[in-house]
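> Just dropping this structure here.
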Amino acid sequence: MELGDVPRWLIETPTRDSGEAFDEPWMFADGRVLPDLGPLAARIAHPGTRRSFDLSVIEAAPIVNEAIADVFRTLASGDVQLFPVTVEGAPERYFVVNVTKVVDAIDEARCQEVHHYDEDDPSPDYPGEYNWIYGLRIDPLRTDGAQVFRLKKFKTAFIVSEDVKNALEAVGNLGVSFERVTEAPDLH
């Protein structure tokens, strides 16, 4: 993956500082409060231009620098946990952002296309959840005032409010992009 002509910096999923993998490496995208995990470390999967916000290669754990962590601390402290992580070769401090808020706000009727785990694609691990959603849309009235959250039945999505988005963009050098999810999808 590249952004323009800049090679994409990719980080592996964080592990314990000892290098030992977690039993549930996807836990940072699961939308639940986690206990103190102790010192964490992450290796570089692909060198490139270092970013202030990135998602780990496999489990999409959000990994951010101190300036981005400050945005989450200031605007969404009740919605996230921040775990310090040492990123291989990076002299500055980084944090894993664990979103702890999960809301049921998917507006399926306004989504462009939804795919459920169903009889054709049985998944005993994800009953009633979405396999994928194109043109995701949410009902902002059902977000319970959360500034940062995951979606019930589609925790892959990492949703931030407009205020958080603007503050993240003000920091800059992001390795992520934003897609509006509160307006009607473009069906062209």
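Residue 11 is where the sequence shown starts when you use the working numbering, and the numbers rise one by one after that.
Even glycine gets a Cβ: it sits at the ideal position worked out from N, Cα and C.
Please list the terminal residues of the continuous beta strand (DSSP E) segment that includes Arg160.
Run containing Arg160: Val158 to Leu161, per the beta strand (DSSP E) assignment.
> Between Met11 and Glu139, what straight-line distance do the alpha-carbon atoms span, to the nearest angstrom?
The predicted position of Met11 is uncertain, since its pLDDT is 33 and thus under 50; a value taken from the coordinates is nonetheless stated next. Those two C-alpha atoms are separated by around 28 Å.
> Determine whether the beta carbon atoms of Arg147 and Arg120 lie at a separation below 8 Å.
Yes. Within cutoff.
> Among all the DSSP beta bridges, which residues are the ones paired with Val170?
Val170 is bridged to Val158.
> Should Ser87 be labelled buried (16 or more other beta-carbon atoms within 10 Å of its own) or exposed?
Looking at its Cβ environment, which holds fewer than 16 other Cβ atoms inside 10 Å, Ser87 is exposed.
> Could you tell me the alpha carbon to alpha carbon distance between Val106 and Val90, rounded to whole angstroms?
Using only the alpha carbons, I get a separation of about 10 Å.
> Confirm, please, whether the CB-CB distance from Glu22 to Ala52 is below 8 Å.
Yes, these two residues count as a Cβ contact at 8 Å.
> Of all the options Val181, Arg42, Asp114 and Pro49, which has the alpha carbon lying nearest to the alpha carbon of Glu96?
In the sequence as presented, Glu is not what sits at residue 96; that position holds Thr. Checked all of Val181, Arg42, Asp114 and Pro49; the closest Cα to Thr96 is Pro49.
> Hey, how far is the Cα of Thr166 from the Cα of Pro72?
Roughly 11 Å separates the two Cα atoms.
> If I follow the unbroken beta strand (DSSP E) through Val43, where does it start and stop?
Careful: Val43 lies outside any beta strand (DSSP E) and carries neither H nor E.
> In its own chain, which residues sit with a C-beta less than 6 Å from the C-beta of Arg152, not counting the 5 before and 5 after it?
Closer than 6 Å at the Cβ level, and outside the excluded window around Arg152, lie Ala115.
> First and last residue of the beta strand (DSSP E) that includes Asp64?
Where Asp64 is concerned, the enclosing beta strand (DSSP E) stretches over Phe63 to Leu65.
> Give the straight-line distance between the Cα atoms of Val186 and Ala77, rounded to the nearest whole angstrom.
Each residue's alpha carbon lies about 15 Å from the other.
> Would Phe82 and Val158 qualify as a contact pair, given that the criterion is a beta-carbon distance under 8 Å?
Yes, the pair counts as a contact, with Cβ atoms nearer than the cut-off.
> Please look up how many angstroms separate the CB atoms of Leu184 and Ser66, rounded, as I've assumed it's under 8 Å.
That belief does not hold up - the Cβ atoms of Leu184 and Ser66 are roughly 15 Å apart, past 8 Å.
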